[in-house]
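Numbering (the numbering used here), first residue to last: 1 to 327.
The beta carbon of each residue, even a glycine, is placed where N, CA and C say it ideally should be.
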């Protein structure tokens with residue numbers, strides 16, 4: 001006698017940072033997971049993605065991994081076949097690298113999202129959640145940033161590509177009334193397995209290695225840091241509760257901190273004083289991010305749970321384990 005059929009989810013970019021955590025949570029809940037990932041070296045070494053997949057496979061749960069790009073219609077439809085829901089996280093990340101390859105960012109992030117949504121419409125998938133970014137707000141949006149802001153002055157090709165993906169989704173959903181599609185504007189996600197060039201990982205590695213911490217600008221730049229476990233809960237809540245049509249949601253902590261405050265918090269988390277290497281501000285960085293999360297609270301029953309000090313401890317623990325394995 002067979003048990004109830006498992007619900008199948010497609011997670012694009014499932015070998016990456018957020019994708020790993022989403023896939024692990026879905027497998028823990030008894031879902032069947034298909035990962036579509038191109039295992040490129042952007043934005044971090046492919047071996048880290050391979051390791052993420054190995055760790056997921058070690059759980060012994062129903063997992064299928066498809067190597068392919070989201071701009072490949074055949075690969076996307078093949079991976080999506082039979083899926084009830086889609087979490088679309090694949091894409092090119094990073095503000096500064098986007099200035100070096102703007103056409104590639106547009107192709108992958110905008111065209112790739114269009115390919116995923118068109119496949120979902122053709123295959124009858126009714127629920128799609130995809131990763132957008134707080135970068136769409138730029139520097140001109142009043143803070144805290146609300147989802148209804150115009151978002152017409154992006155500060156980087158990356159931000160423009162994320163906003164472009166949202167606009168494509170909004171237009172496409174007008175012709176797909178049964179599809180529920182939520183674009184989630186992530187605010188500075190951090191946690192174990194995050195990209196090595198992100199500030200918190202850089203700071204933690206430098207602290208544990210006794211190196212100076214690189215700080216871009218004068219330390220006053222503020223970021224709304226959001227732990228990956230809160231992001232995962234928001235993704236799953238949006239898949240369950242987002243209304244028919246297209247809807248955007250901010251997922252952030254709602255508690256921005258300056259880089260100077262972050263350094264102090266990391267000193268407490270590592271138990272080590274941090275020397276600062278002052279560097280010029282970087283191209284494309286916005287002055288502050290600060291999420292208005294009232295819509296996610298009202299419509300998704302979601303709010304962040306992980307305080308920064310608690311979240312930093314999870315990163316420091318992960319980085320410490322990672323360094324031990326590398327020795």
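- The beta-carbon separation of residue 74 and residue 65, rounded to 17 Å, does not stay under the 8 Å limit for a contact.
- Under the three-state reduction of DSSP, residue 152 is assigned to coil, being neither helix nor strand.
- Assigned with DSSP and collapsed to three states, residue 139 falls in coil, not helix or strand.
- In the DSSP assignment, residue 249 falls within the beta strand (DSSP E) that extends over 245-251.
- Contact annotation: residue 12 and residue 89 have beta-carbon atoms nearer than 9 Å.
- Taking every protein chain shown into account, the CB of residue 259 has 16 or more other CB atoms within 10 angstroms, so this residue is buried.
- If the five residues before and after residue 237 are omitted, its C-beta is found closer than 7 Å to the C-beta atoms of 300, 301 and 302, all from its own chain and listed in chain order.
- Under the Cβ criterion (8 Å, minimum of three pairs), the region 18-34 does not count as touching the region 105-113.
- With respect to the 9 Å criterion, residue 39 and residue 24 are not classified as neighbours on the basis of their beta carbons.
- Selection 296, 14 and 167 evaluated against residue 86 yields 14 as nearest (Cα-Cα).
- By DSSP's assignment, residue 276 forms a beta bridge with 213.
- Inter-residue distance for residue 269 and residue 71 is about 41 Å (C-alpha atoms, whole angstroms).
- Ranking 150, 131, 132 and 129 by CA distance to the CA of residue 139 puts 150 first.
- In this chain, residue 230 is not harboured by any beta strand (DSSP E); it is covered by the alpha helix (DSSP H) spanning 228-241.
- Contact between residue 92 and residue 104 holds: their C-beta atoms lie close to 7 Å from each other, under 8 Å.
- The DSSP-derived three-state label of residue 133 is strand.
- Short of 6 Å from the beta carbon of residue 59, and not among the five residues preceding or following it, lie these beta carbons of its own chain, in chain order: 27.
- Counting along the chain, residue 88 sits inside the beta strand (DSSP E) bounded by residues 85-88.
- The Cβ atoms of residue 123 and residue 77 lie closer than 9 Å to each other.
- Around the beta-carbon of residue 305, fewer than 16 other beta-carbon atoms lie within 10 Å, marking it exposed.
- With distances taken between CA atoms, residue 290 lies nearest to 254 out of 322, 254 and 120.
- Excluding its 5 nearest sequence neighbours in each direction, residue 42 has C-beta neighbours in its own chain below 7 Å: 92, listed in chain order.
- The count of Cβ pairs closer than 8 Å, one atom from the region 152-170 and one from the region 190-207, stays below three, leaving the stretches out of contact.
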